[in-house]
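**Q**
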Amino acid sequence: MKHMLVRLHAFIFAWRHLWSEELVALVLVLLVFAVPMTSALRFKERSLYMNSSVPGATTSYKVSFRYMTPQPVGSVDMLFCMNPVPYATCVTPPGLDVSNAVLSSQTGETGFSILSKSTNHIILTRPPTLMTAGSSSYTFDNIVNPTNTSEAFSIRLRSHATTDATGTEIDFGSVRGQVTDGIVIETQVPPSLIFCVAQEVSDNCASTNDTYYSDMGTLSADSTLTAQSQMAVGTNASGGFAITANGYPLSAGTHVIDGPLAPTESKPGTNQFGINLVENSAPDIGKDPEGTWANAVASPDYSQPNKFKYVSGDVVAFSPNVSLMKKFTVSYIVNANEKLKAGVYTTTINYIASGRF
Amino acid sequence: MYTLKSIARRGTPLAAVFAIVAATLMPAAAAFADSLNPLTERSLLLSSSAPGFQDTDGSNYSTAAPNPAAGPGIPGTLAPAGSGPNGKKSGETFTFKTTSPSAATKGFSLQYCTGAAGFCQAPGNNTGDARTLDDENTSNPGYDANDSSTWATRVSDRESNATAHPNGRSDFDVVGAPGTDWNEYSGTGSTAGTYEVKIGGVLQSGWTMTKANLESPYYQQADASKDNLTGKNNYITLTKPGATTITGGTQVQIIFHPSETAYITNPGSDAFFVKINTYSSDTNLIGSQNDATPLDSSDTPGHTVLDGGVTVANVMTDSIHITTKVLETMAFSVGTRNRDTVDIGGAGQTHGTCDPIQVVDNNRLNLGNPSAEYSLETRKAWDVNSYWRLSSNSSGGATVYYSGNTLANTVGDEIADMPSEVTSLPGTEQFGLGFVDAGTDSGQDALDTNPAVTWADGSKAAHLAKLRSYPFITLSSQGSTAPYNALQAQSLSTGYDEATGSIDDGNGGAGTAKFQFHKSSSTVPEPIAQQNETVISCATAKMRYVGNIAADTPAGVYTTKINYLAAPQY
């Protein structure tokens, strides 16, 4: 026991050379007074507005707060961490990157610029200025969102009198934000194509006269035989529709009345079989397309009044995009010269409407 | 070791001597104080035991220097007059029982002194001496130590409380003018700045309060620096001309309720004693305890004291300051399934009070006719739902936004958004959203029916009662119902608060539910819920989306992604 006391005394005696009672007292006094010196106030009205909450998205952040202590502020420190605790180890939110941040706007206490920035740290600086406005906001562009959707992240805020965020903090506080998975909504709009053909059809294909045959009469070199049919079409295909006319020209066995390869006027006395989809005066036949959808039109070669053409497989009408219910009237003309072989000339024309979905 | 033994050997008898002397003197002092009929069961309850120079709360805010952020819902200080931390503006409650049988009582006196008996020095530790007669100047002609009229005059140099408080010193004082700042409590209204006399628990009326300084110029201590007088008000009387009969053993209470202008200031340190007397006179309150000059010949013969006693209180030199930090919190979850509706397995499993909303199938929702590959129809509307849940300790509330495009296909075709709140109308291109009730406990919102599961809220019913969007007002029907009706109007939700109801009439006509959606939110998020009043314990919102197409809506697969953002304001 005595030995232990002796060693204790020797130990204390040795330390007294370095730490006298006066020095210890001075340290204690400094500790007492140091606490009030560092008692900063908490920023008020703190908020973080993220322009996008998409994980990993590049977006803009608006950090708002109100300065509380009426002291000149020269810098604002913004540290992005998972935890808002000021003195806890800062874990950078996974995926976050503010190293390319740009201070795009500021309100309230202004005059700041970015002094330095890294993956999770921004320091704003300005010449130390006494505050005139309390509520302030700072908007940063080009910030890459974190990717962790299960937990909020924090921005630890501190203001300093110095221009480089060193020394005693004036005000402090934190704001929090969180990225979230968006709600994905998926649906379909079903494709539709409405098409009808007959001698007469209604505008919306609700009805036809169920007549698909036309006897054009007896050919002669002095006159033109005519006939007409109608077709209506509508589709929600985003690429519109195309109608092709398919079938051999009028023929009787091996004798054929060919159609002009280019739009041509009706010429009695020549062998001609042609069609168009507009109103004509020579001969007086046909109608212009009917309906409000201006984007559904007859093809250029088949939309010239008094000029006719027929090439099997040609697109005779189309629309470049969605077109609801347009009615076309197809005019048919047949001319023949006097040397045309006798016979019964017939043809079957098939119209095929295709949607471009 | 020798020194320790020496101290122990010599200290033990010394301590014993002190104990014997103290035990001898204390009963004597009490006997002196209660020389007449004693008041029994005496007590003094201070509203604050903080020293008189303290009037700040834990954040150092006071009435004089309030929180600069003070405003609606934010007090300027948490240490108003009469509160625990405020020793500058305190109140007091005296309780005692009389012993005189059926005493006709017309007065009470309360004298605050540093000692229980003898000459009175008012409590306080300001510097200076308030004496106007110099008891130490023995050179004055005709000086007689027992006759203050022979003493030389002097000028008081006692420090005022206004000067002393910033320096951590304070004298006991009764502040506020009786009749102006101090008034008798009528039994109704605010008690601030009032006093009460209760006899047998019954509030009395007609009692008049006075205050004065009543210290003895003969007060002396061996250490002359400690016998200074304060000159402050340390004597309170309450009188009533008509006698009030108090039966012996009846409890009497005298209460002083402080206000910002009428209050009692504690001394800066140490204990103080209050000498309490009851009197048979309302004009001549005479008793040995409150006679400032008992050694002179000016006393009126005959005491009017009925009962007397002393009570004691102590002023703590420092309050207990407890500081902690509540850090910012935020939990925001967005998903398609409320976890409370999921059977989590029964026994041993608990549904938490605010479990995150679940993400199912990557939050993908199919909108449309399930029998037709979830396609929309021109004569029928279709809807789907999602949820978000927010909790945050942000005292300034929070704002919730949505962000996203309307339904669009890959070639740029879009289903029109709903720029204003309108009903769902089949045959018209529409995509919109709105709030519906998440706590219906039916359909897809039916809570877990497993009887073996436990609920952190205590019961399923208790949990269901909390399954709501409060403090966000998200439904038009909520504004007038509790607890929402205590909130301020929340205009940002009014365009989205009528999505409850039918989305079509079954025949291709309009429904009753209304929706809205801005495709501009894709670049500028659209706020849909905002409240700035309170923290958010656990707000659960259910979103309803509607889709309608027209006949000419281009065919294709349409998708959109709606993101929700929460911005708490701390």
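Residue numbers (my numbering), protein chains in the order written: chain A, 81 to 437; chain B, 57 to 626.
C-beta: ideal position from N, C-alpha, C; glycine also.
(1) So that I know if they touch, is there some Cβ in chain A lying closer than 8 angstroms to that of B:L421?
(2) Going along the chain, which residues of its own chain have a beta-carbon closer than 7 angstroms to the beta-carbon of A:G371, five neighbours each way excluded?
(3) Can B:P141 and B:T119 be called in contact, C-beta distance under 8 angstroms?
(4) Return the Cβ separation of B:V467 and B:G612 in integer angstroms, given the expectation that the two are a contact with Cβ distance under 8 angstroms.
(5) Ordered along the chain, which non-local residues of its own chain (more than five positions away) have a Cβ less than 7 angstroms from that of A:P150?
(6) Residues of chain A with a CB under 7 angstroms from the CB of B:G603: which are they?
(7) If we call anything under 8 angstroms between Cβ atoms a contact, is A:P329 one with A:K389?
(8) Evaluate contact between the stretch 379-393 of chain A and the stretch 286-306 of chain A, counting only Cβ atoms and requiring at least three cross-stretch pairs below 8 angstroms.
(9) Which residues in the same chain as B:A280 place their Cβ atom closer than 6 angstroms to its Cβ, once the five residues preceding and following it in sequence are excluded?
(10) Secondary structure at A:V104, three-state DSSP: helix, strand or coil?
(11) How is B:H359 classed by DSSP in three states: helix, strand or coil?
(12) Please classify A:H240: does DSSP put it in a helix, a strand, or coil?
(13) What is the rounded straight-line gap between the Cα of A:I223 and the Cα of A:T138?
(14) Out of B:A218, B:N217 and B:T188, which has the shortest C-alpha to C-alpha gap to B:T206?
(15) Determine the DSSP secondary structure at B:T479, reduced to helix, strand or coil.
(16) Following the continuous alpha helix (DSSP H) through B:T219, name the residue where it begins and the one where it ends.
(17) CB B:E148 to CB B:L101, shorter than 8 angstroms?
(18) Can you have a look at B:V361 and say buried or exposed, based on whether 16 or more other CB atoms are within 10 angstroms of its CB?
(19) Report the neighbours of B:F388 on chain A: residues whose CB is nearer than 8 angstroms to its CB, in chain order.
(20) DSSP beta-bridge partners for B:P583?
(21) For a contact defined as C-beta to C-beta under 7 angstroms, what are the partners of B:I310 on chain A?
(22) In this structure, how does DSSP classify B:D469 when only helix, strand and coil are distinguished?
(23) Does the beta-carbon of B:E215 have 16 or more other beta-carbons within 10 angstroms, so that it is buried, or is it exposed?
(24) Out of A:P271, A:F275, A:C285 and A:V391, which has the shortest C-alpha to C-alpha gap to A:N326?
(25) If you follow the beta strand (DSSP E) that A:K347 is in, where does it begin and where does it stop?
(26) Using CA atoms only, rank isn't needed, just tell me which of B:F491, B:I471 and B:N465 is closest to B:E477.
(27) Between which two residues does the beta strand (DSSP E) carrying B:H313 extend?
(28) If you compare alpha carbons, which of B:P581, B:A585 and B:K575 is closest to B:T615?
(29) For A:F233, write down the residues that DSSP places opposite it in a beta bridge.
(30) Pull up the DSSP beta-bridge partners for B:W17, would you.
(31) Between A:A433 and B:N461, what straight-line distance do the alpha-carbon atoms span, to the nearest angstrom?
(32) Under DSSP, the beta strand (DSSP E) around B:A387 begins and ends at which residues?
(33) Taking only three categories from DSSP, how would you classify B:T281?
(34) For A:L404, which residues in chain B fall below 8 angstroms Cβ to Cβ?
(35) Relative to chain B, which residues along the stretch 396-422 of chain A have a C-beta separation below 7 angstroms, given in chain order?
(36) Since A:S318 meets chain B, which of its residues come closer than 7 angstroms, beta carbon to beta carbon?
**A** If we stick to the structure as given:
(1) yes
(2) D283, M405, K406 and K407
(3) no
(4) 7 angstroms
(5) M211
(6) T267
(7) no
(8) no
(9) none
(10) Caution is warranted here: a pLDDT of 48 is assigned to A:V104, below 50, making its placement in the model unreliable, and no coordinate value can be reported.
(11) coil
(12) strand
(13) 5 angstroms
(14) B:T188
(15) strand
(16) N217 to A220
(17) yes
(18) buried
(19) A232, Q258 and T260
(20) B:Y457
(21) Per Cβ cutoff of 7 angstroms: no residues; B:I310 is ~40 angstroms from chain A at best.
(22) coil
(23) buried
(24) A:V391
(25) No beta strand (DSSP E) holds A:K347; DSSP gives it neither H nor E.
(26) B:F491
(27) Q307 to H313
(28) B:K575
(29) A:G257
(30) Given that chain B is displayed from residue 57 to residue 626, the structure contains no residue 17 of chain B and the question cannot be resolved.
(31) 34 angstroms
(32) M386 to G391
(33) Looking at the sequence itself, residue 281 of chain B is Ser, so the reference to Thr does not match. Helix.
(34) A607 and D608
(35) V402 and L404
(36) V467, D469, P610, A611 and G612
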